[in-house]
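**Q** Okay, so the sequence shown: first residue is 0 according to numbering that gives the first Met the number 0, each after it adds one.
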Amino acid sequence: MAKTQELQASSRPPRERRMRLHHLIKEQSFPNCTSAPPDLTANAPDESWTQPRSLLLRSARLMRESLTDAYFPRRLSSLSFKESEFQAAMDIFGDAILKDANPRRARAELDELAKIEASDGKPKEKCAAAWTIITGETKS
Numbered sequence: 000m001a002k003t004q005e006l007q008a009s010s011r012p013p014r015e016r017r018m019r020l021h022h023l024i025k026e027q028s029f030p031n032c033t034s035a036p037p038d039l040t041a042n043a044p045d046e047s048w049t050q051p052r053s054l055l056l057r058s059a060r061l062m063r064e065s066l067t068d069a070y071f072p073r074r075l076s077s078l079s080f081k082e083s084e085f086q087a088a089m090d091i092f093g094d095a096i097l098k099d100a101n102p103r104r105a106r107a108e109l110d111e112l113a114k115i116e117a118s119d120g121k122p123k124e125k126c127a128a129a130w131t132i133i134t135g136e137t138k139s
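#1: Use the C-beta contact count for residue 39: other C-beta atoms within 10 angstroms, 16 or more gives buried, fewer gives exposed.
#2: Around the Cβ of residue 65, are there at least 16 other Cβ atoms within 10 angstroms (buried) or fewer (exposed)?
#3: So within the region 31 to 99, which uninterrupted alpha helix (DSSP H) runs reach at least 4 residues, ignoring any that extend past its ends?
#4: In the structure shown, what three-state DSSP assignment does residue 111 receive?
#5: Rounding to the nearest angstrom, what Cα-Cα distance links residue 51 and residue 126 in this structure?
#6: So for residue 121, helix, strand or coil by DSSP?
#7: Looking at residue 20 and residue 129, is the spacing between their C-beta atoms short of 8 Å?
#8: Can you list, in chain order, the residues of its chain whose CB lies under 6 Å from that of residue 37, leaving out five sequence neighbours each side?
#9: In chain order, what residues of the same chain lie with their CB nearer than 7 Å to the CB of residue 134, ignoring the 5 residues before and after it?
#10: In whole angstroms, give me the CA-to-CA distance for residue 97 and residue 117.
#11: Suppose you measure from the CA of residue 99 to the CA of residue 76; what does that come to, to the nearest Å?
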């Protein structure tokens, strides 16, 4: 079905496709994209902190799961890189857990991250809490 639609779309005359595209742009049917970085200042609205919160929490969780999940290395076995290479590539924040790869500490921090994520706090507060875990400023 998708192939049929694709063929039909490509068989339209270029002028018709151009006019349809022009109409879509004129009607603003495309989402507006911005290349401006989010406002992460002290006075920034809460919604500015939701993407950084997700990134911090997911990155921290991934690093700790790589140390606590017994099956994690098996997931990488069919790939062309090793677990250490995976961790180095995915360590975008210089996570302190990789300097001291302690599975017990990683498990405790995973529990703490789950509490942070489930809490009713503001996204900015969750970012700060996740950041203290990532940087190792607080020992669990």
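Ideal placement from N, C-alpha and C gives every residue a C-beta, glycine not left out.
**A** Taking the structure as given:
#1: exposed
#2: buried
#3: 49 to 67, 71 to 75 and 82 to 89
#4: helix
#5: 7 Å
#6: coil
#7: no
#8: 47
#9: 95
#10: 25 Å
#11: 24 Å
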